[in-house]
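In the working numbering, the protein residues as written are 5 to 127.
Note that beta-carbon positions come from the ideal geometry of N, C-alpha and C, so glycine has one too.
Note that the structure is a prediction, hence the values are computed from the model and not measured.
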Amino acid sequence: MLLDSNILIYASKASPFQDKATEFLCNPEACISAITYLEVLGYHKLGTDEKAAIEAMISRIEMYPISNQIIQMATELRQQKSISLGDAIIAATALHYQQPIVTANVQDFKYLEGIQLINPLEK
């Protein structure tokens, strides 16, 4: 299952959603796209301790690279729907590797065909 950036953020911070997000992060089937790594660790206000905690979490899961095929798929998704570049790459990665997307922001992906969405924060 492909984790969206918000799942890593929830898992790294004390919040009502931390336990649920951490549960998905610890799943042996969890993986991320390289764009998720960039989105989370590239945040300019990320503190040193928070960065170290996120890096430790990410080091335990598989990271899918952004291949030429994924770039092409993301381009096609952006031509079809109004979607951010990061979300298009995450969606294309999910389609390419046939993975569901685990996200608290299902609205970002719900109009894309062929993508299974899991919202870990729903009751």
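Take residue 98, set aside five residues on each side of it, and the residues of its chain with a beta-carbon closer than 6 Å to its own are 6, 105 and 119, in chain order. Rounded to whole angstroms, the gap between the alpha carbons of residue 49 and residue 43 is 12 Å. Pairing residue 55 with residue 38, the inter-Cα distance amounts to about 16 Å. Counting of Cβ neighbours within 10 angstroms places residue 16 among the buried residues, the total reaching 16 or more. Three or more beta-carbon pairs separated by less than 8 Å link the stretch 59-75 to the stretch 88-102, which places the two stretches in contact. In the structure shown, residue 41 falls within a helical segment according to DSSP collapsed to helix, strand and coil.
Bounds of any beta strand (DSSP E) do not take in residue 47, whose DSSP letter is neither H nor E.
When beta bridges are read from the DSSP output, residue 6 appears opposite 35 and 105. Separation of the CB atoms of residue 101 and residue 47 is rounded to 25 Å, and the pair is thereby denied contact status at 8 Å. Going by DSSP, residue 66 is part of the beta strand (DSSP E) stretching over 66-68. Setting aside the 5 residues that flank it on each side, residue 112 is surrounded in the same chain by 91, each with a C-beta closer than 6 Å to its C-beta; the list follows chain order. As the crow flies, the alpha-carbon of residue 62 is around 16 Å from that of residue 70.
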